[in-house]
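Each residue of the sequence shown is one higher than the one before, counting from 30 in the numbering used here. C-beta atoms are modelled at their ideal positions from N, C-alpha and C, and glycine is treated no differently.
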Amino acid sequence: MDPELEAFVPFLPRTDWADPAAARAIYTELAASRPAPDLTDVEIEDRTVPGDPAVPVRIYRPRHARGAVVWLHGGGFIMGDLETEHPWAARIADSVGAVVVSVGYRTAPEHRFPAALDDAYAALAWTAENATRLGTDPDRIAVGGHSAGAAIAAAVALRSRDEQGPPIRFQLLNEAGLDDRQETWSARQFTDTPWLDRGKITHGWRHYLGPRPATPYAAPARADDLSGLPPAYIATAQFDPNRDEGIAYALRLLQAGVPVELHQYAGTFHGSQAILSAAVSQRQVADLVAALRRALAE
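This is how it looks when you write it as structure tokens:
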């Protein structure tokens, strides 16, 4: 493990995803401890967009925006909201120079699949319909997210392709959890890794799916056909149960003719990117920002 990251491992909180309420409380406290973002050049608006029910979003609008990003927070399908994602969404808007529509999608187990996907897709449709009002181009919209949010972003891309929905220019999948089957080497072996391990992932998928079998819109790795999807940036962490399914998805996209940029960061673990003092985290953030800037500027 990267020594700058390893020094933080003893201080990471222990969470039990069998108890979503307790896990949420810890996650919220951890997010609140992050430094407040600099919002000098970013205009923020909280609102709801049409859905069933209406979907809360937080819109970050920098000056001279180039494109928009529909952003889905992480949290294992059970945690996270507009507040916990605020520091990261603001960073993307400011660093990328893009409008960020951060989506407060419904979480499990109170709201199982497809609630989160429906909310995310509604946010995409609204963003495309209101691109001019947002000061951006309807042909320059990306979807992206962390972890469970990345899985939902990948599902949004699949659904938009299948339903001939709003055009998506780019998908950014950071440490994505794409496969409920947990059959890859990393999913089977990483049972005691920092922050995220096999047991937590098992609970997350159970909460999200309930008794229903997974479909490709729930677990995108199950999709048979990945052709015709937007170009992708996929990033994985070395000590992450999600690692191998992210790499496998990138290879399958390439084999289907989809342009892919794949980054595997040595010495990292799931979520370690939040430790911004580490050089490898700074590199991860810089690469992600650069990928979005290129995708939305071309």
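Checklist entry - Which one of Pro-143, Ser-215 and Ala-122 has the shortest CA to CA distance from Gly-96? => result It is Ala-122.
Item to check | Nearest-angstrom beta carbon gap, Leu-321 and Val-98 [assumed within contact, 8 Å] | outcome: Correct: roughly 6 Å between the Cβ atoms.
Next on the checklist: Need the endpoints of the beta strand (DSSP E) that Asp-75 sits in, please.
Outcome noted: In the DSSP annotation of this structure, the continuous segment of the beta strand (DSSP E) that includes Asp-75 starts and ends at 71-78.
Item to check | Three-way DSSP call (helix, strand, coil) for Thr-265 in this model | outcome: If DSSP states are grouped into helix, strand and coil, Thr-265 belongs with the strands.
Checklist entry - Does the region 266-273 come within contact of the region 207-225, defined as at least 3 CB pairs closer than 8 Å? => result Contact check between the region 266-273 and the region 207-225: three or more CB pairs, one atom from each, fall below 8 Å, which counts as touching.
Next on the checklist: Once the 5 residues before and after Pro-260 are set aside, which same chain residues still bring their CB inside 6 Å of it?
Outcome noted: Within the same chain, Phe-199 and Pro-288 come within 6 Å of Pro-260 by CB-CB distance, once the 5 residues on both sides are set aside.
Item to check | Limits of the unbroken beta strand (DSSP E) element including Val-15 | outcome: One cannot answer for residue 15 here, as it falls past the ends of the chain, which runs 30 to 327.
Checklist entry - Arg-141 to Phe-40, Cα distance in whole Å? => result Each residue's alpha carbon lies about 32 Å from the other.
Checklist entry - Quick one: is Leu-305 buried, meaning 16 or more other Cβ sit within 10 Å of its Cβ, or exposed? => result Flag for Leu-305 reads exposed.
Checklist entry - From Pro-85, Ala-177, Ile-197 and Asp-208, pick the residue whose C-alpha is nearest to that of Pro-167; which is it? => result Considering only alpha carbons, the answer is Ile-197.
Checklist entry - What are the boundary residues of the beta strand (DSSP E) that includes Val-139? => result Note that residue 139 is Glu in the sequence shown here, rather than Val. It is not in any beta strand (DSSP E) - Glu-139 carries neither H nor E in the DSSP assignment.
Next on the checklist: Quick test of your reading: Trp-234 and Asp-209, contact by CB under 8 Å. State the CB separation rounded to the nearest angstrom.
Outcome noted: About 4 Å separates the two Cβ atoms, so the contact holds.
Checklist entry - Does the region 108-117 come close enough to the region 138-156 to have 3 or more Cβ pairs within less than 8 Å? => result In short, these stretches do not touch, since the Cβ pair count stays below three.
Checklist entry - Going by beta carbon distance, what residues of the same chain come within less than 7 Å of Gly-300, once the five residues before and after it are set aside? => result Sequence-distant Cβ neighbours of Gly-300 in its own chain, meaning closer than 7 Å and more than five residues away, are Trp-224 and Leu-225.
Next on the checklist: If I measure Cβ to Cβ from Val-38 and keep anything under 7 Å in the same chain, skipping five residues before and after, which residues do I get?
Outcome noted: Hits under 7 Å: Pro-223.
Checklist entry - Does the distance from the CB of Leu-291 to the CB of Ile-263 come in under 8 Å? => result The answer is yes: Cβ separation under 8 Å.
Checklist entry - Can you tell me where the beta strand (DSSP E) with Glu-290 in it begins and where it stops? => result In this chain, the beta strand (DSSP E) harbouring Glu-290 covers 289-298.
Item to check | Helix, strand or coil at His-175 according to DSSP, with G and I counted as helix | outcome: Strand at His-175.
Item to check | When Gly-275, Thr-297, Val-130 and Gly-296 are compared against Ala-91, the one with the closest alpha-carbon | outcome: The sequence given here places Pro at residue 91; Ala does not occur at that position. When only C-alpha atoms are compared, the closest one is Val-130.
Item to check | When Pro-82, Asp-45, Asp-254 and Ala-50 are compared against Pro-138, the one with the closest alpha-carbon | outcome: That would be Ala-50, whose Cα lies nearest to the Cα of Pro-138.
Checklist entry - Excluding the five sequence neighbours on either side, which residues of its own chain have a C-beta within less than 6 Å of the C-beta of Asp-75, listed in chain order? => result So the qualifying residues of the chain are Arg-87.
Item to check | First through last residue of the alpha helix (DSSP H) which encompasses Leu-283 | outcome: Here the alpha helix (DSSP H) through Leu-283 covers 272-284.
Next on the checklist: Could you tell me the alpha carbon to alpha carbon distance between Pro-66 and His-93, rounded to whole angstroms?
Outcome noted: Taking the straight line from one Cα to the other gives about 19 Å.
Checklist entry - Along the chain, where does the alpha helix (DSSP H) that runs through Val-318 open and close? => result Residue range 308-326 is occupied by the alpha helix (DSSP H) that includes Val-318.
Item to check | C-alpha distance - Ile-12 paired with Leu-146, whole-angstrom precision | outcome: Outside the displayed range of the chain (30 to 327) lies residue 12, so it cannot be described from this structure.
Checklist entry - What whole-angstrom Cβ distance do Gly-103 and Gly-178 have, given they're in contact under 8 Å? => result That belief holds up - the Cβ atoms of Gly-103 and Gly-178 are roughly 5 Å apart, short of 8 Å.
Checklist entry - So Trp-100 is in the beta strand (DSSP E); what residue range does that whole segment cover? => result Judged by DSSP secondary structure, Trp-100 falls within the beta strand (DSSP E) whose first and last residues are 97-101.
Item to check | Backbone CA spacing between Ala-154 and Ala-36 [nearest angstrom] | outcome: Taking the straight line joining both Cα atoms gives about 43 Å.
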